[in-house]
Amino acid sequence: MEHVSRLLRPGMKCSEAAAIWQGFVHGQGTGWRTKVDLALPFSLVWSGPSIKTFTATGDSRVQENEPTLFEIWVCADGYWADHTKNLCPGELRPEYARLEEGLAHVYTSALHMCTHGSSLAELDRSVREGLAEIGYPGQPSHPICHGIGARAHEPPYAHQAGGGRRGRAARRGQLPDHRGRGREALALPRRDRADMSSEIWTGALNDAYRLGGSVGLYDTTLRDGEQTVGVVLDPEQKLEIARLLDELGIDRIEAGFPRVSQDDWRAVELIAGAGLRAEVWGFSRAVPADLEALVELGVPASVIESPISDLKLDAIGVPREKMLDRITSAMQFAAEHGIHAAFFGVDSTRAAPDFYERVYKSAVDAGAKEVVVVDTLGIASPEAVAELVGRTVDWVGADVPVHFHGHNDFGLATAAAVAAVRAGARWVHGTINGMGERAGNANLGEVALTLRALYGVESHLELDRVRDVSERVRELSGYELEPWKPVTGETLFRRESGAVASQFHDPPSIEPYSSRLVAAERAIVLGKKSGLDSIRIKAEELGLDVPEEKRAELLARVKELGASKRGLVSDDEFKELAGA
């Protein structure tokens with residue numbers, strides 16, 4: 070490598086660098102000349118941050134201050150081996166120091182898992198998840214061995230291969246380089262990935278569909294969520310919720326629509342000045358007065374909405390061309406006044422495809438920094454969402470982050486959000502508890518858990534805080550949830566069935582993920598469906614001495630009481646039945 074290092078120059082073609090290395094090795098051998106046969110099948114060289122899996126050496130250029138990865142595959146004495154080395158012409162860019170530290174953290178976590186009898190599948194899953202957090206989505210264990218610049222080689226992940234729309238997806242699903250803590254949070258894992266992987270028990274079925282990477286969460290509880298029928302939040306309550314969202318790990322908080330009322334104006338003002346780690350965003354229509362309010366409040370970023378479906382345009386009596394003029398004027402105004410704008414096309418999933426494309430391209434040309442695909446009425450199937458998001462990513466280009474904002478009218482909000490991330494959305498919108506008009510918005514807790522557990526996509530959401538935040542938002546808003554609701558439901562980890570109680574000692578056999586993941590308590594409850602193991606466990610829990618020969622009789626009494634009261638038997642009632 071010293072020979073190559075002396076000759077490596079910025080601007081040199083990767084193929085030229087490969088020829089230098091390959092020629093040297095071919096001439097010098099491996100140091101085992103005359104002792105082993107040597108075959109030299111191929112050498113690969115990649116340079117810079119755009120390294121992708123199985124992108125063969127070609128005419129791309131060696132980049133100054135960036136790692137150039139050399140890999141040479143040889144066959145020595147019948148055994149295949151590869152030799153990998155990173156060189157850098159000039160000084161390596163500073164951000165790679167953070168990546169190097171992150172790789173060391175993943176490696177250390179992997180070493181801690183390597184004990185006798187450990188599961189190789191769990192080890193591989195832990196390493197992949199750790200690598201995803203530091204910017205190597207979808208990769209097996211190679212990067213922690215190869216170091217900075219490595220992008221692993223087997224198996225080839227289609228969403229990272231070079232060429233075509235799928236080739237560009239190497240960046241999809243990764244948290245973009247936005248203001249605030251987001252970028253730094255990607256550099257170092259926020260929690261022990263080994264422990265995290267041991268709390269998810271979904272098996273290997275989903276492994277073929279894992280995406281890796283990260284996604285940003287954009288919360289609209291304080292605006293779209295408050296549109297839940299009957300919910301009214303005052304400015305101080307909204308500030309309290311914003312602080313909770315910030316502690317929860319939400320990346321962007323939509324503080325509200327200041328032009329709606331004086332209370333909403335005050336809420337945006339309070340939240341914008343609260344010193345939160347999360348980015349504070351506003352909400353505006355594409356009308357001058359709304360935009361001027363953002364400028365007056367000093368809100369640095371905002372979604373700017375306009376209806377674009379013919380159904381909506383006809384309802385308000387505005388023709389397409391006039392609305393397009395409003396949109397481009399609004400984006401120009403935002404750009405001129407330093408507002409980081411995301412165009413939000415209301416009812417975009419029902420817009421005419423040709424007009425949709427024209428509007429989104431025009432919005433970006435006029436100054437929109439990001440765009441939002443909006444399923445206002447929740448009518449899009451996950452497959453349709455993936456198609457529309459994928460096309461939008463292609464139309465606006467890799468430098469313009471695409472969001473997805475979905476509703477739950479057909480119960481598909483979480484599935485649609487996942488489909489959007491698969492297709493390249495870098496941000497998912499949603500609310501706490503899925504609050505919102507009609508059937509509500511995507512539930513951010515459900516989306517975050519689903520992406521992490523089933524697809525290996527990380528977010529900054531602290532799942533062990535979700536239930537507390539959910540409860541407080543419900544208290545302030547004045548509504549209840551179904552007790553069986555995913556993530557936050559009251560009965561998720563309570564077991565009444567006797568058949569299930571017999572396996573209560575082995576959580577992975579009856580639960581898809583650990584109760585610790587969401588900071589919930591496991592419990593056996595008694596009722597009509599209880600069994601003998603339920604009686605045994607509950608008696609032990611309450612410190613009651615119930616001999617084995619008495620349990621069947623006590624179970625019959627518990628079942629009878631549970632059936633007659635059409636509910637659960639309380640601990641006090643159980644004690645009374647047991648004669649305690």
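Under this note's numbering, read the sequence shown as residues 70 to 649, first letter to last. Idealized CB from N, CA, C, for every residue including glycine. Note that the structure is predicted; figures quoted are calculated from it, not measured.
Do residue i and residue j have their C-beta atoms within less than 7 Å of each other?
i	j	result
lysine 381	aspartate 423	no
leucine 457	isoleucine 408	no
aspartate 602	serine 571	yes
threonine 290	methionine 81	no
lysine 430	alanine 410	no
alanine 404	alanine 455	no
glycine 447	histidine 476	yes
alanine 522	isoleucine 310	no
arginine 536	alanine 492	no
proline 327	aspartate 333	yes
isoleucine 322	alanine 347	yes
glutamine 401	glycine 436	yes
glycine 318	glutamate 531	yes
alanine 631	valine 638	Here residue 631 turns out to be glycine, not alanine, going by the sequence shown. Against a cut-off of 7 Å, the Cβ pair of valine 638 and glycine 631 comes out as a contact.
valine 440	phenylalanine 412	yes
alanine 596	glutamate 565	Reading off the sequence shown, one finds glycine at residue 596, where the question assumed alanine. Closer than 7 Å, so yes.
threonine 500	glycine 294	yes
Among all the DSSP beta bridges, which residues are the ones paired with residue i?
i	result
valine 638	Leu595
tryptophan 496	Gly285 and His472
valine 441	Phe413 and His472
tyrosine 582	Ile269
leucine 156	Thr137
valine 372	Phe352 and Ala411
lysine 82	Arg130
arginine 279	According to DSSP, which records beta bridges pairwise, arginine 279 is partnered with nothing at all.
glutamate 667	Coverage of the chain is limited to positions 70 through 649, which leaves residue 667 absent and any answer about it impossible.
arginine 563	Ala592
State the Cα-Cα distance for the pair residue i and residue j, rounded to the nearest angstrom.
i	j	result
proline 388	serine 378	10 Å
arginine 460	lysine 607	56 Å
lysine 391	valine 428	12 Å
valine 516	alanine 486	7 Å
tyrosine 524	leucine 286	16 Å
valine 615	arginine 626	14 Å
proline 245	arginine 279	Note that proline 245 has pLDDT 34, beneath the 50 cutoff, so the model's placement of it is unreliable and the number below is only indicative. In a straight line, the C-alpha of proline 245 is about 20 Å away from that of arginine 279.
arginine 78	lysine 154	16 Å
alanine 453	proline 576	37 Å
aspartate 468	histidine 174	30 Å
asparagine 510	lysine 554	15 Å
isoleucine 89	valine 73	7 Å
serine 578	valine 538	29 Å
alanine 87	arginine 591	58 Å
glutamate 316	threonine 184	35 Å
serine 283	alanine 341	26 Å
glycine 567	serine 599	4 Å
arginine 395	aspartate 434	14 Å
valine 196	serine 178	8 Å
aspartate 641	serine 375	58 Å
leucine 76	arginine 495	40 Å
arginine 130	threonine 483	42 Å
aspartate 359	aspartate 533	37 Å
glycine 636	phenylalanine 562	17 Å
alanine 384	proline 163	54 Å
glutamate 651	alanine 273	Residue 651 lies beyond the stretch modelled for the chain, which goes from 70 to 649, so this question has no answer here.
glycine 414	alanine 399	13 Å
valine 594	threonine 560	10 Å
arginine 312	glutamate 305	11 Å
aspartate 654	serine 330	Residue 654 is absent from the structure shown; the chain starts at 70 and stops at 649.
If I follow the unbroken beta strand (DSSP E) through residue i, where does it start and stop?
i	result
tryptophan 350	348-354
proline 451	Here proline 451 belongs to no beta strand (DSSP E); instead the alpha helix (DSSP H) covers 451-465.
isoleucine 203	It is not in any beta strand (DSSP E) - isoleucine 203 carries neither H nor E in the DSSP assignment.
Check for me: the alpha helix (DSSP H) holding residue i runs from which residue to which?
i	result
arginine 521	513-524
proline 422	422-435
glycine 567	567-570
glutamate 544	532-546
proline 402	At residue 402 the sequence reads phenylalanine, which differs from the proline that was named. Where phenylalanine 402 is concerned, the enclosing alpha helix (DSSP H) stretches over 389-405.
isoleucine 385	379-385
Review point. Can you list the alpha helix (DSSP H) stretches of 4 or more residues lying completely in the region 601-626, in chain order?
Key: 601-611
Review point. In chain order, which beta strand (DSSP E) runs of at least 3 residues are fully inside the region 303-359?
Key: 321-325 and 348-354
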